[in-house]
Amino acid sequence: MIKLLQEKNIRMIWSNDGNEIWFSANDIGEELGVINIRNVLPNIDSEFKMKFKEQDISGVHKTYSRNFKELLNNFGEMFLTEEAVYQISFRSNKPEAKLFTKWVSKVLKEIRIHGYYIATEKDEQWFGARKDSKTTRKEFTDEVQEFVHYAINQGSNKPNMYYMHFTKLVNDKLGIPKGTNREDLDQKTLMDIMALERVIAMKLPKLIDKETNYKEAYKEIKKLIEII
5 MIKLLQEKNI
15 RMIWSNDGNE
25 IWFSANDIGE
35 ELGVINIRNV
45 LPNIDSEFKM
55 KFKEQDISGV
65 HKTYSRNFKE
75 LLNNFGEMFL
85 TEEAVYQISF
95 RSNKPEAKLF
105 TKWVSKVLKE
115 IRIHGYYIAT
125 EKDEQWFGAR
135 KDSKTTRKEF
145 TDEVQEFVHY
155 AINQGSNKPN
165 MYYMHFTKLV
175 NDKLGIPKGT
185 NREDLDQKTL
195 MDIMALERVI
205 AMKLPKLIDK
215 ETNYKEAYKE
225 IKKLIEII
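So for the sequence shown, our numbering puts the first residue at 5; every next one is plus one.
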């Protein structure tokens with residue numbers, strides 16, 4: 005049952021300093037068998053509930069993180085603090101309520117210590133791989149940017165398209181469908197992407213140093229990726 009609760013899709017929002025942690029009222033209500041969570045919310049003290057809108061947790065200067073991707077609606081959605089979750093849980097007749105409160109405590113501890121929640125050992129490994137993949141991606145895009153400038157100097161009309169072209173080479177090689185979010189990929193695929201992007205990032209400067217024509221350079225990269 006604990007494993008089952010760990011895999012529950014409870015939406016959470018937390019401040020980057022870990023001092024504020026909020027749980028979706030609707031998700032909590034569904035998990036604890038509360039038929040109409042809206043009837044319960046008026047009994048929750050205002051300090052233990054907050055309505056979040058998408059603009060509150062997105063943007064360049066965002067101070068909150070979250071564990072879900074879908075956008076919040078324009079009217080805002082209600083989220084609850086730890087105290088409110090416990091209040092609702094204690095009133096629940098559902099047998100799993102006690103286990104759920106333990107799950108909440110574990111989540112809070114993880115966020116306060118690490119700044120994010122790790123549900124399982126596999127997820128921890130995935131998080132490490134994703135972090136490394138972002139670093140590799142930055143190195144990859146830096147080299148592609150240099151190649152773009154190189155292509156411009158050689159008369160390319162659409163040099164910025166090479167960001168997409170090189171990424172497509174990697175995705176096609178690994179069979180990753182167009183539009184796939186890397187957050188949805190498994191650890192092995194992330195590692196494979198890193199390997200291919202490193203190959204491209206290492207090869208591009210060498211081709212530039214040899215003053216290879218930009219079109220021929222792309223063909224060489226494409227051929228290299230295809231034979232790997």
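Even for Gly, the Cβ is constructed at its ideal location relative to N, Cα and C.
Counterpart residues of residue i in DSSP-defined beta bridges
| i | result |
| --- | --- |
| I25 | W18 |
| M82 | K55 |
Distance between residue j and residue i (C-alpha atoms, nearest Å)
| i | j | result |
| --- | --- | --- |
| P209 | F151 | 8 Å |
| F33 | L45 | For the sequence presented, residue 33 should be read as Gly rather than Phe. For G33 and L45, the distance between alpha carbons rounds to 10 Å. |
| Q129 | T139 | 16 Å |
| S19 | D60 | 11 Å |
| G22 | L228 | 45 Å |
| Y218 | E224 | 10 Å |
| L189 | G183 | 12 Å |
| E51 | P163 | 53 Å |
| L194 | R95 | 43 Å |
| K2 | E74 | For residue 2 there is no data in the structure shown, the boundaries of the chain being 5 and 232. |
| Q91 | S62 | 29 Å |
| V148 | I231 | 21 Å |
| D146 | I180 | 22 Å |
| K55 | I39 | 20 Å |
| N43 | K142 | 48 Å |
| S93 | N13 | 17 Å |
| G80 | D196 | 39 Å |
| M206 | L76 | 41 Å |
| R186 | L178 | 13 Å |
| A133 | E220 | 33 Å |
| Q158 | E215 | 10 Å |
| D237 | K192 | The chain is shown only over 5 to 232; residue 237 falls outside these bounds and no answer can be derived. |
| E24 | S69 | 10 Å |
| E35 | K226 | 49 Å |
Distance between beta carbons of residue j and residue i, contact taken as under 8 Å
| i | j | result |
| --- | --- | --- |
| K57 | M82 | 11 Å between Cβ atoms; not a contact. |
| N78 | R15 | In fact, because the Cβ distance is near 17 Å, the residues do not count as touching under 8 Å. |
| F144 | E201 | 4 Å |
| S137 | M198 | 5 Å |
| I41 | A29 | 5 Å |
| G37 | K98 | 4 Å |
Which of helix, strand or coil DSSP assigns to residue i
| i | result |
| --- | --- |
| S96 | coil |
| S69 | strand |
| Q158 | coil |
| S62 | coil |
| E215 | coil |
| D190 | coil |
| N185 | coil |
| L76 | coil |
| P46 | helix |
| E163 | According to the sequence shown, residue 163 is Pro rather than Glu. Note: P163 maps to coil in three-state DSSP. |
| E125 | The predicted position of E125 is uncertain, since its pLDDT is 49 and thus under 50; a value taken from the coordinates is nonetheless stated next. It is helical. |
| V38 | coil |
| N13 | coil |
| G179 | coil |
| I232 | coil |
Cβ pair residue i, residue j closer than 9 Å
| i | j | result |
| --- | --- | --- |
| H169 | Y222 | yes |
| I212 | V174 | no |
| W26 | T67 | no |
| D49 | A88 | yes |
| Y167 | A155 | no |
Cβ-heavy atom distance, residue i to the ligand SAM, below 8 Å
| i | result |
| --- | --- |
| K182 | No copy of the ligand SAM occurs in the structure displayed, which carries no ligand at all. |
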